[in-house]
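To start, the structure under review is shown below, and the notes come after it.
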Amino acid sequence: MADTYKKLKEIIKLNTAERFNFIEEEINILDLNKNITFFEAMSPRGDKHMSLNFLNDAGKEIWLTANYDTYQNFPSANNNASGVMTLLGLGSKLKEKDLPVGVRLFFLDYALDPKLVSAGRRDPDFVPGSELLLNYLIDNETDFIDKYLGTITVQAVGKGNLCVFKRTGKKDENSKYLNDKIISFGQTNGVIVDLQDQSPLADNLSFLKQGLDATVLSRYHEGAWHKMQTPKDDINNVNAQLVDETAEFLLKVLQTYKE
Numbered sequence: 009m010a011d012t013y014k015k016l017k018e019i020i021k022l023n024t025a026e027r028f029n030f031i032e033e034e035i036n037i038l039d040l041n042k043n044i045t046f047f048e049a050m051s052p053r054g055d056k057h058m059s060l061n062f063l064n065d066a067g068k069e070i071w072l073t074a075n076y077d078t079y080q081n082f083p084s085a086n087n088n089a090s091g092v093m094t095l096l097g098l099g100s101k102l103k104e105k106d107l108p109v110g111v112r113l114f115f116l117d118y119a120l121d122p123k124l125v126s127a128g129r130r131d132p133d134f135v136p137g138s139e140l141l142l143n144y145l146i147d148n149e150t151d152f153i154d155k156y157l158g159t160i161t162v163q164a165v166g167k168g169n170l171c172v173f174k175r176t177g178k179k180d181e182n183s184k185y186l187n188d189k190i191i192s193f194g195q196t197n198g199v200i201v202d203l204q205d206q207s208p209l210a211d212n213l214s215f216l217k218q219g220l221d222a223t224v225l226s227r228y229h230e231g232a233w234h235k236m237q238t239p240k241d242d243i244n245n246v247n248a249q250l251v252d253e254t255a256e257f258l259l260k261v262l263q264t265y266k267e
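Here's what the structure looks like:
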């Protein structure tokens, strides 16, 4: 936990480009650099994504995503850094593990609509980086649909119980299949996973738009998500021990995953 807290404090001081380098360096420290795929050519904006891959002969894949980008130098500890540290923690645990499914951990750029921060309203023409990346993967991976099982967007792993959401935003229905899997695993293993009504907008929407199974996993507590990309989205909104526990929970979900 001490190491997680130290790294959370470090990452929230970094701008977007520095966060990308931070993630790559952490993966190199884990000696998993051969597992990285970089995606930098599918966006005219220069979006920079990477995936940390744990693929096998299972033929099916679960994806997990966290976005790392920030607006200017706002901290975004709860909203973004907590998700990044959860996936990095999960990556360290997946090393040399035998899994019933392949796993890709995506660290995503350009999830944040800059107008939302600068003007307080969304740009109707904004296209998140996850949408462009997903379109690229669908076009370039011929066996995409055969392998894909679902995506779990990990965001705002702050404080409180784990939770999933019926919807993201006002109308987009999250995957009941994935929500039931996560809640059922929690019930079997004595971990509380709440089913909440709706989450704020997140990268899972890019998958839902394509008719793909996706949901959000969070430790949502009132108000914290809505501090995102403000000076108040700081380390006080995050419990580092719960970040570690979330990574361990996801490891066990993946180790026992059945279609």
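Heads up: the sequence shown runs through residues 9 to 267, numbered per the working numbering.
For every residue, glycine included, the Cβ atom is placed at its ideal position computed from N, Cα and C.
Asked: Segments assigned beta strand (DSSP E), at least 3 residues, entirely inside the segment 122–199; Found: 156–162 and 170–176
Asked: Residue nearest to Ile-191 in terms of C-alpha spacing, selected from Pro-52, Asn-86, Lys-14 and Val-261; Found: Val-261
Asked: Assigned exposure category for His-234 - 16 Cβ within 10 Å defines buried; Found: exposed
Asked: Closest Cα partner of Gly-318 within the set Thr-161, Ser-126, Ser-214 and Tyr-156; Found: Missing from the structure shown is residue 318; the chain here goes from 9 to 267 and no further.
Asked: Three-pair Cβ contact test at 8 Å for the segment 202–220 versus the segment 161–171; Found: yes
Asked: Alpha carbon of Asp-242 to alpha carbon of Val-251, nearest angstrom; Found: 15 Å
Asked: Of the residues Ser-51, Ile-35, Gly-54 and Pro-52, the one placed nearest Thr-45, counting alpha carbons only; Found: Ile-35
Asked: At least 3 beta-carbon pairs within less than 8 Å: the segment 126–141 vs the segment 170–182; Found: no
Asked: Exposure label - Thr-94; buried when at least 16 CB within 10 Å; Found: buried
Asked: Contiguous alpha helix (DSSP H) assignments of at least 4 residues, all confined to the segment 29–112; Found: 90–102
Asked: Contact check, Asn-187 vs Thr-223, beta carbons under 8 Å; Found: yes
Asked: Cross-strand partners of Gln-206 (DSSP beta bridge); Found: Arg-175
Asked: Candidates Lys-167, Phe-28, Tyr-156 and Leu-16, of which the one nearest Leu-220 by Cα; Found: Tyr-156
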